[in-house]
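Shown next, in structure tokens, is the structure this report addresses.
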Amino acid sequence: MTAALTVGSLWKVFGPRADKIMGTPQADLSRAELKQTTGCVAAVRDVSFEVAPGEVFVVMGLSGSGKSTLVRCLTRLVEPTAGTVEIDGVDVTNASPAQLRDLRRHRVSMVFQHFGLLPHRPVIDNVAYGLEVRGMGKAERRAKAGEIVDLVGLTGYELSYPDQLSGGMQQRVGLARALAGDPRILLLDEPFSALDPLIRRDMQDEVIRLHRELGKTMLFVTHDLQEALRLGDRIAIMRDGEVVQVGAPDEVVGAPADDYVRDFVAEVPRSHVLTLRWVMRAPRATDSTEGPVMGSDTIVRRAAQAALASRHPVQVVDDGVLVGIVDTDAILRVVVAEEDPP
Amino acid sequence: MGTATAPPRRRTALGLLAVLVAWVVGWRLLEDRDTLVIGGAEQTGLSRWLTGLRDDIEAARDGSFVLDTLVGGARDVLDAVFTFLAELVSSPAGSRPVPEVGWLGVLVLFTWVAYAVAGWRPALLVAVCTSSFGVLGLWQDSMDLLVVTAMAVGICLLVGIPLGIAMARRRAVSVAVTPVLDAMQTMPAFAYLTPLALFWGIGPAAAVVTTLVYALPPLVRITELALRTVPAPAVEAAHSLGVSRRQLLRQVQLPLARSTIVVGINQCTMAALSMATIATLINGPGLGGPVEKALESLDVGAAFVAGLAIVLMAIVLDRTTTAAGDRTVVRARETPAAVRRRRVVLAAGLVGVVVAVQVSRTYLWAAEFPERLDAGRWLADHVSRATASTVGRIDVATGAVKDAVTYGLLNPLQSLLADSPWWLMAAVLLAVGFLLGGLRAALPTAFCLLVILGTGLWHEAMVTLNLTLVAAVLVMAAAVVLGVAMGRGRKTDLVLRPLLDAFQTIPPFVYLVPAVALFGATRLTAILAAVLYAVPVATKLVADGVRRVSPTTVEAATSVGSSRWQVITQVQLPMAREGLVLAANQGLLYVLSMVVIGGLVGGGGLGFLVVAGFSQPELFGKGLAAAIAIVALGIMLDRVTRRAAARYGRQ
Chain A
1 MTAALTVGSL WKVFGPRADK IMGTPQADLS RAELKQTTGC VAAVRDVSFE VAPGEVFVVM
61 GLSGSGKSTL VRCLTRLVEP TAGTVEIDGV DVTNASPAQL RDLRRHRVSM VFQHFGLLPH
121 RPVIDNVAYG LEVRGMGKAE RRAKAGEIVD LVGLTGYELS YPDQLSGGMQ QRVGLARALA
181 GDPRILLLDE PFSALDPLIR RDMQDEVIRL HRELGKTMLF VTHDLQEALR LGDRIAIMRD
241 GEVVQVGAPD EVVGAPADDY VRDFVAEVPR SHVLTLRWVM RAPRATDSTE GPVMGSDTIV
301 RRAAQAALAS RHPVQVVDDG VLVGIVDTDA ILRVVVAEED PP
Chain B
1 MGTATAPPRR RTALGLLAVL VAWVVGWRLL EDRDTLVIGG AEQTGLSRWL TGLRDDIEAA
61 RDGSFVLDTL VGGARDVLDA VFTFLAELVS SPAGSRPVPE VGWLGVLVLF TWVAYAVAGW
121 RPALLVAVCT SSFGVLGLWQ DSMDLLVVTA MAVGICLLVG IPLGIAMARR RAVSVAVTPV
181 LDAMQTMPAF AYLTPLALFW GIGPAAAVVT TLVYALPPLV RITELALRTV PAPAVEAAHS
241 LGVSRRQLLR QVQLPLARST IVVGINQCTM AALSMATIAT LINGPGLGGP VEKALESLDV
301 GAAFVAGLAI VLMAIVLDRT TTAAGDRTVV RARETPAAVR RRRVVLAAGL VGVVVAVQVS
361 RTYLWAAEFP ERLDAGRWLA DHVSRATAST VGRIDVATGA VKDAVTYGLL NPLQSLLADS
421 PWWLMAAVLL AVGFLLGGLR AALPTAFCLL VILGTGLWHE AMVTLNLTLV AAVLVMAAAV
481 VLGVAMGRGR KTDLVLRPLL DAFQTIPPFV YLVPAVALFG ATRLTAILAA VLYAVPVATK
541 LVADGVRRVS PTTVEAATSV GSSRWQVITQ VQLPMAREGL VLAANQGLLY VLSMVVIGGL
601 VGGGGLGFLV VAGFSQPELF GKGLAAAIAI VALGIMLDRV TRRAAARYGR Q
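As you go down the protein sequences, you meet chains A and B in turn. Per full-length UniProt numbering, the first sequence runs over residues 1 to 342. Per full-length UniProt numbering, the second sequence runs over residues 1 to 651.
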């Protein structure tokens with residue numbers, strides 16, 4: 001299956017004559033050195049990744065790591081300095097203005113941290129705005145927008161204005177506007193960072209639900225590791241404009257690529273993320289075969305109760321083949337000693 | 001300079017002191033030498049040349065493409081439009097002894113329009129004020145002034161809003177146009193009259209052109225600002241949905257900028273009204289005429305009545321445009337039922353308008369404002385009498401003020417400024433400019449001084465500078481006292497601010513009226529009018545500066561036991577420095593623009609020459625030279641205070 005989104009060696013350098021830096025030794029300088037010698041800031045440095053159709057891909061990093069610039073480069077809201085972006089087989093980086101408009105109107109939608117709603121329009125017309133931009137007639141676009149308003153749980157608020165809604169509800173409008181055009185890909189730029197923690201959790205559930213119902217490919221930017229682990233099929237961790245690690249949540253937590261990522265994930269309750277794959281050992285001939293049978297992608301916490309209740313070790317079986325054994329103390333080591341690094 | 005701010009400031013103070021000492025010594029030794037005094041009818045090389053230029057332009061009018069076809073054509077169109085509108089609402093139309101639409105029709109029409117754009121409260125105000133134009137006996141002049149203002153504002157909207165949009169969307173346009181707007185806004189209103197008269201002559205068309213040129217900059221600026229300050233997230237979100245430039249402008253930027261643009265229209269309208277009254281000097285029709293006539297004959301009563309009509313018009317225009325701006329927000333959210341209701345009321349009102357217009361075309365009582373209701377003369381007489389008795393009763397006080405200002409400030413400073421040799425004065429001004437603003441202030445100062453010298457009106461310019469400085473000192477004194485009170489006290493602010501806002505909407509011409517009542521035709525009149533005109537803007541800037549001082553700092557100062565006086569002098573005023581310098585800058589420019597208008601009523605100096613240039617054709621060139629000198633003075637004062645603000649205003 002071809003990727004929904006392919007990013008190859010993408011660069012974004014802000015500053016005077018930034019394009020002249022590409023391909024020179026200066027491009028290899030660190031961010032601070034580059035700033036010192038040329039006055040330019042490399043916000044995104046040589047980033048490559050692929051997102052599969054239907055995947056939720058999370059880009060995660062602290063503020064200033066370049067993640068917001070990266071997501072804007074994907075539809076050229078920020079013009080990338082070098083590299084390629086391909087969406088649904090369309091070469092975005094070389095698209096003409098008309099092609100680019102078409103792409104934004106039909107294939108990719110975006111949700112923003114600060115919502116970006118139009119304060120002079122009621123909810124229904126905010127949701128329908130993307131359809132209006134395409135040139136859809138009023139009756140048709142309002143009908144379509146009405147369905148989406150129901151889908152995101154805003155029924156009854158169609159005629160309210162954005163400033164009459166809470167932050168969480170405003171972002172539901174933002175989500176609805178992005179979904180109304182039925183895009184293939186949804187880009188979400190820290191959509192819940194401006195919201196209260198409780199509402200943030202609700203909205204994360206909402207995204208999980210929508211993803212399950214609609215199956216859209218999503219690229220989700222966040223600075224919140226919990227959010228990343230919760231939502232992401234895969235996570236890319238960015239630092240100073242570079243991607244330091246890409247992997248599934250358990251890979252990032254179980255095998256951090258470097259000290260930066262290790263520090264980052266140190267606080268994570270490992271039993272919530274790690275799967276049996278990370279704690280199992282190779283089977284031995286003497287192992288009992290009476291213990292519970294589980295897949296290698298079972299999360300440790302989920303396996304703990306059954307494993308502890310049985311007097312026999314857990315047998316990890318993938319596709320009918322015994323791939324490993326998990327002893328009780330291996331589980332205990334993860335559950336009890338959360339804070340100890342492996 | 002950021003490393004040590006205190007020493008440079010002390011050096012500046014010492015430098016200024018040294019300049020002052022050198023100046024006074026030089027003046028003592030060289031008094032009355034090289035002062036470049038010229039007589040009232042005396043011509044200079046430049047003024048003769050400029051008068052000749054005017055004559056040449058007059059002579060070349062026929063057949064010249066630019067003058068005849070372009071300017072002449074535009075003039076004919078403007079005159080024709082003016083005549084058409086005037087015959088519609090103000091002056092006898094063709095064979096009719098009365099306008100096409102009489103006062104009743106106009107009254108109902110204006111009220112209906114105000115209701116449509118701004119709601120019923122402003123509509124009520126419009127009804128009352130419009131009828132008061134008739135009651136004051138100034139119906140025709142009022143309508144003429146409205147027509148000139150409306151034409152100018154109309155053209156401003158057609159030109160200014162697209163220009164502002166272009167500036168917001170293309171940096172190159174903004175970079176090219178902004179310095180022109182800066183220069184235009186530094187120019188005192190009076191200085192526009194003569195140069196424009198050179199090409200546009202005098203009369204209604206010239207009045208409209210002058211007015212629109214003066215009123216254009218605020219509209220263009222605010223339109224650009226309005227578009228630029230549209231929230232970036234909304235614009236970015238629109239881009240992410242693939243909007244075209246056109247869609248972005250029409251569906252996102254303009255709707256979000258609308259209420260700010262209406263503020264620009266308000267500013268433009270108020271500027272137009274104030275210029276349209278002054279345009280009476282170039283035979284512009286309207287209420288400026290009666291004010292000017294009354295002021296010249298020191299008829300306080302008549303000046304009061306005409307001034308009152310102008311103030312009422314200012315209030316009406318200000319309130320209506322402001323309310324219209326506020327309503328753009330509310331209007332967008334009306335429920336369908338409310339929209340239907342409003343449409344019904346509007347339609348019913350329209351029927352009333354048609355009936356009233358028809359009645360006013362048919363019956364004389366509805367066409368011409370009934371003389372029985374005309375209370376203008378009566379009011380003027382009473383005001384004259386009341387003023388005479390009041391002024392007579394308080395003339396001990398006014399006399400004391402007059403003497404104190406005249407002998408304490410005006411005369412000594414005038415002597416210093418105008419009786420020193422020109423080269424000494426030039427050196428002093430250059431030195432002050434350099435000390436306050438560095439090279440970037442000294443160079444424009446040198447240029448402006450050269451220009452003033454070139455006009456041959458050095459002595460007159462120094463007289464005007466004297467009045468300006470004295471008035472500015474008084475303005476700053478008042479502004480600091482009032483501004484500190486407002487900045488410190490929420491209640492004081494609540495009481496004073498609307499008052500100051502109201503004062504700011506009054507066209508400058510009107511300020512001459514109370515000043516004349518108190519001081520007759522003297523220099524003090526110009527000063528008092530200038531102070532009245534400039535205090536509101538300066539006070540607001542000082543108050544905002546004091547308000548911006550961090551409350552934590554004030555709290556900290558209070559917590560260590562500072563007295564109120566100590567908090568004001570050691571914390572709030574020093575920290576509000578930027579506001580103070582800004583207030584001085586604006587105060588000086590406002591004062592200058594009013595001081596020259598004071599030339600009409602005994603202010604003397606450059607302003608008088610501008611006035612004389614219009615009343616005596618052979619002095620036209622001298623008036624134009626004076627206008628140039630006024631602009632040079634304005635640029636000099638603006639540059640120096642602005643550079644000083646940039647240097648010393650920051651914390």
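Idealized CB from N, CA, C, for every residue including glycine. Since the structure is predicted, the reported quantities are computational estimates derived from the model, not experimental observations.
Ends of the alpha helix (DSSP H) at residue i?
| i | result |
| --- | --- |
| L74 (chain A) | K67 to L74 |
| E296 (chain B) | G288 to E296 |
| E334 (chain B) | Counting along the chain, E334 (chain B) falls outside any alpha helix (DSSP H), and DSSP gives it neither H nor E. |
| Q267 (chain B) | L254 to I278 |
| Q36 (chain A) | R31 to T38 |
| S109 (chain A) | No alpha helix (DSSP H) holds S109 (chain A); the beta strand (DSSP E) holding it covers V108 to V111. |
| M184 (chain B) | R171 to T186 |
| Q305 (chain A) | V300 to A309 |
| E251 (chain A) | P249 to G254 |
| Y260 (chain A) | D259 to V265 |
| A18 (chain A) | Note, A18 (chain A): premise wrong, no alpha helix (DSSP H); not H, not E. |
Between which two residues does the beta strand (DSSP E) harbouring residue i extend?
| i | result |
| --- | --- |
| V326 (chain A) | V321 to V326 |
| I185 (chain A) | I185 to D189 |
| T84 (chain A) | A82 to I87 |
| V316 (chain A) | V314 to D318 |
| K12 (chain A) | L5 to F14 |
| R45 (chain A) | V41 to V51 |
| G61 (chain A) | V56 to G61 |
Using CA atoms only, rank isn't needed, just tell me which of the options is closest to residue i.
| i | options | result |
| --- | --- | --- |
| A52 (chain A) | A:R177, A:D327, A:G146 and A:E86 | A:E86 |
| W423 (chain B) | B:G437, B:L435 and B:L453 | B:L453 |
| P292 (chain A) | A:I325, A:G64 and A:E190 | A:I325 |
| W378 (chain B) | B:V66, B:P99 and B:V135 | B:V135 |
| S109 (chain A) | A:D329, A:L186 and A:D259 | A:L186 |
| Q43 (chain B) | B:R647, B:A632 and B:L609 | B:L609 |
| A232 (chain B) | A:F112, A:V133 and A:T38 | A:F112 |
Using a 10 Å radius around the Cβ and a threshold of 16 neighbouring Cβ atoms, would you call residue i buried or exposed?
| i | result |
| --- | --- |
| H382 (chain B) | exposed |
| residue 656 (chain B) | Because residue 656 (chain B) is not part of the residues shown, which for chain B are 1 to 651, the question remains open. |
| P342 (chain A) | Its pLDDT being 46, under 50, P342 (chain A) is placed unreliably in this model, and the value from its coordinates should be taken loosely. By the neighbour-count rule (16 or more Cβ atoms within 10 Å), P342 (chain A) is not buried but exposed. |
| Y363 (chain B) | exposed |
| L373 (chain B) | exposed |
| S68 (chain A) | buried |
| Q171 (chain A) | buried |
| L29 (chain B) | exposed |
| K491 (chain B) | exposed |
| D638 (chain B) | buried |
| A4 (chain B) | Model confidence at A4 (chain B) stands at a pLDDT of 43, short of 50, so the residue's coordinates are unreliable and nothing is read from them. |
| T69 (chain B) | exposed |
Quick check: does the Cβ of residue i come within less than 7 angstroms of any heavy atom belonging to the ligand FMN?
| i | result |
| --- | --- |
| I21 (chain A) | For the structure depicted, the ligand FMN is absent and the ligand set is empty, with no information on it obtainable. |
3-residue-minimum beta strand (DSSP E) runs that sit fully inside the stretch 537-579 of chain B, ordered along the chain: none
Given 8 angstroms, three or more beta-carbon pairs between the stretch 24-44 of chain A and the stretch 224-241 of chain A: Touching, yes.
Meets three-Cβ-pair contact criterion under 8 angstroms: the stretch 634-644 of chain B and the stretch 550-564 of chain B: Flag = no, the stretch 634-644 of chain B and the stretch 550-564 of chain B do not touch.
Meets three-Cβ-pair contact criterion under 8 angstroms: the stretch 588-608 of chain B and the stretch 453-466 of chain B: yes
Every unbroken beta strand (DSSP E) inside the stretch 178-238 of chain A [3 residues or more]: Runs found: 185-189 and 217-222.
At least three beta-carbon pairs within less than 8 angstroms, the stretch 241-255 of chain B to the stretch 471-482 of chain B: no
The stretch 140-153 of chain B / the stretch 272-281 of chain B touching (three or more Cβ pairs under 8 angstroms): yes
Validate contact between the stretch 14-28 of chain B and the stretch 586-594 of chain B using beta carbons, cut 8 angstroms, 3 pairs: The answer is no - the stretch 586-594 of chain B does not touch the stretch 14-28 of chain B, with fewer than three Cβ pairs under 8 angstroms.
Cβ contact (3+ pairs, closer than 8 angstroms) linking the stretch 202-222 of chain A and the stretch 253-270 of chain A: No: fewer than three Cβ pairs fall under 8 angstroms.
Validate contact between the stretch 108-118 of chain A and the stretch 154-174 of chain A using beta carbons, cut 8 angstroms, 3 pairs: yes
Cβ contact (3+ pairs, closer than 8 angstroms) linking the stretch 602-610 of chain B and the stretch 517-525 of chain B: yes
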